[in-house]
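Residue numbers (the numbering used here): 12 to 270.
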């Protein structure tokens, strides 16, 4: 199929995530031109971001070039750019790479971490949506262990070794479990003079069970596994703020932590 044939309908897809790639592939044999627009030139396997954040795998293991994935698709082209706005009546997408006219538009840009308007939380907490987030978390975790290893003040050291994960969904559960494994199985060997039993992994969930969208049996089994991994799970724990030193909860309590 000749992409230069402008008489063919032009389908523009925004986002190179699962939805965007699936849409592009579904149009592989259609009599259309397909343009995929993304601010990154790679597809990110988000379900494994937590493993990058906890130093289990490297970023390149979950990021794959978009052009390589869709190399064999003849009606496809990729544009590296960020969407600025969309003129729906005029059927033009305005991007950092220029204006892109379309006949049909598919928006599959994904989502962002929701901080519910809490500016301090957004400023001081880590999200986990992209490679930048994951590597920032990883670097911060390792820095906390380094600093704690040489901190003489017990209270400050404990805050450095207390890691709070908010949200009992799949990402929160996996992150908390991997954090515990990193602390007790890996870093314990790197810091032989540190008492790893003092490391606290706290998972906060506002509802009364983990994985609320999944069957109750799976939720209970998940809780049991996390408890065996020394993860402290708190239910009915709604976060109201995090100033970089304390996580504040709706019930008025606070957790001293730097993460």
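All residues carry an ideal CB built from backbone N, CA and C; glycine is no exception.
Can you confirm whether the segment 135-149 touches the segment 67-79 when touching is taken to mean that 3 or more C-beta pairs between the two stretches lie within less than 8 Å?
The answer is yes - the segment 135-149 touches the segment 67-79, with three or more Cβ pairs under 8 Å.
Classify residue 263 as helix, strand or coil using the three-state DSSP reduction.
Looking at residue 263 - three-state DSSP - the assignment turns out to be coil, as it is neither helix nor strand.
Residue 170 bridges to which residues according to DSSP?
Looking at the DSSP assignment, residue 170 forms no beta bridge with any residue, so it has no partner.
Can you look up residue 10 in the DSSP assignment and give me helix, strand or coil?
Nothing can be reported for residue 10, as the shown portion of the chain is limited to 12 through 270.
If you run the structure through DSSP and keep just helix, strand and coil, what is residue 110?
Looking at residue 110 - three-state DSSP - the assignment turns out to be strand.
Taking buried to mean at least 16 other C-beta atoms within 10 Å of its own C-beta, is residue 49 buried or exposed?
Buried, by the Cβ-count rule.
So which of 98, 139, 118, 174 has the shortest CA-CA distance to residue 181?
Residue 181 has its Cα closest to that of 139, out of 98, 139, 118, 174.
Let me make sure I understand the geometry here. Which of 218, 63, 90 has the alpha-carbon closest to that of residue 78?
Per the Cα distances, 90.
Whole angstroms is fine: what's the gap from residue 265's alpha carbon to residue 177's?
Between residue 265 and residue 177, the C-alpha separation is close to 14 Å.
Helix, strand or coil: how does DSSP classify residue 14 here?
The predicted position of residue 14 is uncertain, since its pLDDT is 42 and thus under 50; a value taken from the coordinates is nonetheless stated next. In this structure, residue 14 counts as coil in the three-state DSSP scheme.
Going along the chain, which unbroken runs of the beta strand (DSSP E) with 3 or more residues stay wholly within the segment 208-251?
List check, beta strand (DSSP E) in window: 211-216, 242-246.
Give the single residue among 69, 112, 61 whose Cα lies nearest to the Cα of residue 19.
Of 69, 112, 61, the residue nearest in Cα terms is 112.
Just how far apart, CA to CA, sit residue 29 and residue 38?
Near 15 Å, if we compare the C-alpha coordinates of residue 38 and residue 29.
If I measure Cβ to Cβ from residue 229 and keep anything under 7 Å in the same chain, skipping five residues before and after, which residues do I get?
Result list for residue 229: 222, in chain order.
Residues in its own chain within less than 7 Å of residue 12 by CB, not counting five upstream and five downstream?
Annotation note: pLDDT 35 at residue 12 (below 50); position unreliable, coordinate value reported separately. The residues are 85, 86.
Given a cut-off of 8 Å, decide if residue 215 and residue 245 are closer than it, judged by their beta-carbon atoms.
In this structure, residue 215 lies closer than 8 Å to residue 245 by Cβ.
Helix, strand or coil for residue 81 per DSSP?
Residue 81 falls in the coil class under three-state DSSP.
Would you kindly work out how many angstroms separate the C-alpha atoms of residue 14 and residue 171, rounded to a whole number?
Note that residue 14 scores a pLDDT of 42, beneath 50, so its modelled location is shaky and nothing firm can be said.
Are residue 188 and residue 153 closer than 8 Å when you measure CB to CB?
It is not a contact, given that the beta carbons lie outside the stated cut-off.
Would you kindly work out how many angstroms separate the C-alpha atoms of residue 241 and residue 198, rounded to a whole number?
Between residue 241 and residue 198, the C-alpha separation is close to 15 Å.
Taking C-alpha atoms, which residue in 256, 255, 270, 251 lies nearest to residue 263?
Nearest C-alpha to residue 263: 251.
Under 8 Å between the Cβ atoms of residue 122 and residue 106?
No.
Helix, strand or coil for residue 156 per DSSP?
Helix, per DSSP.
Straight-line CA distance for residue 55 to residue 68?
In a straight line, the C-alpha of residue 55 is about 14 Å away from that of residue 68.
Using a 10 Å radius around the Cβ and a threshold of 16 neighbouring Cβ atoms, would you call residue 235 buried or exposed?
With fewer than 16 other Cβ atoms within 10 Å, it is exposed.
When we look at the beta-carbon of residue 179 and count the other beta-carbons within 10 Å, is it buried (16 or more) or exposed?
That one is buried.
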